[in-house]
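Structure first, commentary second.
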Amino acid sequence: MGTFLYTYGLFAITGYFTSIYPIYLGIFGLSIYSLVFGLSSFKSMTGQLNLLPGRLRRFIAIFLSVICFLFVFLWISVLFPLSSSHSRPDTYAVFILDLCVVLPGLAITAFLLFRSIPFGDLLAGVFLIKVVTLILPVAIGEIILLPHHRLADYGMASIYGVIVVLSLFLSVIYLWKLRIGTPYS
1 MGTFLYTYGL FAITGYFTSI YPIYLGIFGL SIYSLVFGLS SFKSMTGQLN
51 LLPGRLRRFI AIFLSVICFL FVFLWISVLF PLSSSHSRPD TYAVFILDLC
101 VVLPGLAITA FLLFRSIPFG DLLAGVFLIK VVTLILPVAI GEIILLPHHR
151 LADYGMASIY GVIVVLSLFL SVIYLWKLRI GTPYS
């Protein structure tokens, strides 16, 4: 649902006005409430989840916090000069969804993980995969697509690549170590 929310949110916000625009809006709206409803159904399960070993939980919390702070800083540093000149970036919908939905979600999940709240363990897997699906296209774009408009930034592409690989690695470890009903001691 998170992918539908993000993708159709981009379509709805950027206004791809085609004959199926109302369908974009419908899918976007349904994905928001499906995500809320789906996540709320796990609340009764969180007592059975004892989820991640302490070190892994802390490492994922630190990783998500770093990603959150990195991208808040990066997006604000891009937006500040544009807002000062009253310009709107072409990809403004990405900034809206990242700064208003994804990055606060990362911060909340990291907070829950630091506090060892079981719901954070559940959300950690969602956000580890979300980091991959958000950053991988940006990394590819830095190398393949953007050089047509400006010089490729291989340094940033490398940073994005490291984030993707680390997030994939943590996702695999997360799935391997996740326990339902059997607490770690």
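The sequence shown lines up with residues 1 to 185 when you count with full-length UniProt numbering.
No residue lacks a Cβ here, since even glycine has one placed at the ideal position from N, Cα and C.
Check: Cα separation between ASP121 and THR3?
Finding: 20 Å
Check: DSSP three-state call for THR91: helix, strand or coil?
Finding: coil
Checklist line | LEU106, buried or exposed, once every other Cβ within 10 Å from all chains shown has been counted against 16 | finding: buried
Next item on the list: Go ahead and pull the three-state DSSP assignment for LEU51.
Entry: coil
Notebook entry, point to check: In chain order, which continuous runs of the alpha helix (DSSP H) of length 4 or greater are located wholly inside the region 80-129?
Noted result: 92-97, 103-114
Notebook entry, point to check: Under a Cβ-count criterion, where at least 16 other Cβ atoms within 10 Å of its own Cβ denotes burial, should ASP98 be classed as buried or exposed?
Noted result: buried
Next item on the list: Please name the residue, chosen from SER87, SER116, LEU79, that lies closest to ARG57 on a Cα-to-Cα basis.
Entry: Here the closest residue by C-alpha is SER116.
Check: In whole angstroms, what separates the C-alpha of ILE135 from that of LEU113?
Finding: 22 Å
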